[in-house]
Amino acid sequence: MMSKPILEVENVTFRYDKRLESEILNKISFTVNRGEWVAIIGHNGSGKSTLAKLLVGLLKPEKGSIHIAGIEMNEFSKWAVRCRTGLVFQNPENQFIGTSVQDDVAFALENMNLPYDEMKERVDKALDAVDMSSFRLHDPTQLSGGQKQRVAIAGILALKPDVLLLDEALVMLDPISRRELISTLQHLKISENISIISITHDMNEAAAADRIIVMKEGRIISNGAPKEVFSNNHIDLELPIVEQLRLKLIKRGRKVPHHYMTEEEMVAFLWK
Ligand SMILES: Nc1ncnc2c1ncn2[C@@H]1O[C@H](COP(=O)(O)OP(=O)(O)O)[C@@H](O)[C@H]1O
Ligand SMILES: [Mg+2]
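Anchor point for the sequence shown: position 8 equals 1091 in our numbering, and the numbering is continuous, going up by one each time.
Here it is in structure tokens:
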């Protein structure tokens, strides 16, 4: 049975400056299901970060509505609904407060007045989910970029959100850490049944999502499975490595399937 989407964005319009005519976001509508990973891509200035701020209640839509778990986000519900979406952004440096990794994750829970045992359990579980348990006593400022982002994600996971929202959160990482984090996110999605929205320029990250939304000048111009979105390349996307390889093979006259392939499909194909 399909349950109701965890996130429903309906006809959201937004402007920073109401005196200006042009909308920053123009009639944005989409839904995200529980346990679904949606990537949002689009050129700089297309409105992705603005959308992220609306989703966590930092900005208010001018028109339209945002429902999370069936509750409409507004002035009254904002505080209750807000904690259902956890936002991780680009620079983890600014997100640390604690002197150890575990303190830092626990800090996020400080205001929730949880019993000590529950707090400890949440911290342990969150660090475990991002493979950082063995670093619990380390100084967060001494970690690598990838490890810092893992701790930042753990801090969010400890709050048990329905939606994990990543705004270019992996952009500073080297390709290997990025790859490892993508695979961690894929596991999280399944083990926690959490929904993920990742705003990204990295087409390999986007290819890992269940669905891709393409934004252009404040509008959604495409919304579909990676296969569909990559094969009718609307904006001049830097295609995922696998797709670049597929197109190169075609150029060299190799017989290659005529559709976008996942990494696994490509590997299986090449081994044939
Ligand atoms: N705080 C702000 N005040 C006014 N305009 C802004 C503000 N933040 C972003 N913008 C404008 O909104 C548009 C969308 O920006 P943004 O949401 O950051 O896009 P993206 O994340 O896709 O690069 C851009 O034209 C940007 O200049
Ligand atoms: Mg942005």
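Positions of the beta carbon are idealized from the N, C-alpha and C atoms, including for glycine.
Taking the continuous alpha helix (DSSP H) assigned at residue i, which residues delimit it?
i	result
ILE1273	1258-1275
GLU1311	1309-1314
GLU1189	Sequence inspection shows Ala at residue 1189; the Glu mentioned does not correspond to that position. Note, ALA1189: alpha helix (DSSP H), 1184-1190.
ASP1200	1199-1212
GLY1228	1228-1240
Quick one: give me the first and last residue of the beta strand (DSSP E) that residue i is part of.
i	result
ASN1287	Taken as a continuous stretch (DSSP letters only), ASN1287 belongs to no beta strand (DSSP E), being part of the alpha helix (DSSP H) at 1286-1290.
VAL1171	1168-1172
For the candidate residues the options, whose alpha-carbon lies nearest to that of residue i?
i	options	result
LEU1268	ASP1293, HIS1284 and ASP1257	ASP1293
ASP1245	THR1133, ASP1186, ILE1280 and ASN1196	ILE1280
THR1096	ARG1117, LEU1090, PRO1088 and LEU1142	LEU1142
SER1314	ILE1295, GLU1300, ILE1149 and GLY1301	ILE1295
ALA1135	MET1349, ILE1324 and ILE1107	ILE1107
ARG1165	LEU1226, ALA1152, SER1217 and GLN1173	ALA1152
VAL1139	SER1227, LEU1249, TYR1199 and ARG1233	LEU1249
ALA1291	VAL1092, ASN1174, ILE1304 and PRO1323	PRO1323
ILE1180	GLU1204, SER1217, ASP1211 and LYS1231	LYS1231
SER1278	PRO1144, LEU1247, SER1217 and LYS1334	LEU1247
LYS1338	LEU1328, GLU1347 and GLU1346	LEU1328
VAL1171	PRO1309, ARG1302, GLU1251 and PRO1340	GLU1251
VAL1092	LEU1103, VAL1121, HIS1126 and SER1148	SER1148
ARG1262	ILE1282, LEU1271, ASP1214 and ASN1287	ASN1287
Tell me the rounded alpha-carbon separation between residue i and residue j.
i	j	result
SER1129	GLY1307	18 Å
SER1266	ARG1098	36 Å
LEU1220	ALA1189	12 Å
MET1344	MET1195	45 Å
LYS1131	ASP1207	32 Å
ASP1200	GLY1169	23 Å
GLU1204	ARG1117	23 Å
SER1227	GLY1336	43 Å
SER1274	ALA1235	19 Å
TRP1354	ILE1304	36 Å
With a cut-off of 8 Å on the beta carbons, I'd call residue i and residue j a contact; round off their distance for me.
i	j	result
HIS1284	ILE1124	7 Å
LEU1192	ALA1237	Contact flag wrong, Cβ pair sits at about 11 Å.
LYS1161	ASN1094	Not a contact, Cβ separation roughly 19 Å.
ARG1233	LEU1264	7 Å
VAL1325	VAL1312	Going by Cβ atoms, the distance from VAL1325 to VAL1312 rounds to 14 Å, so no, they are not a contact pair.
THR1114	PRO1088	4 Å
(Q) Taking 5 Å as the limit, name every residue whose beta carbon sits nearer than that to some heavy atom of ligand 1, in sequence order. (A) TYR1099, ILE1107, ASN1127, GLY1128, SER1129, GLY1130, LYS1131, SER1132 and THR1133
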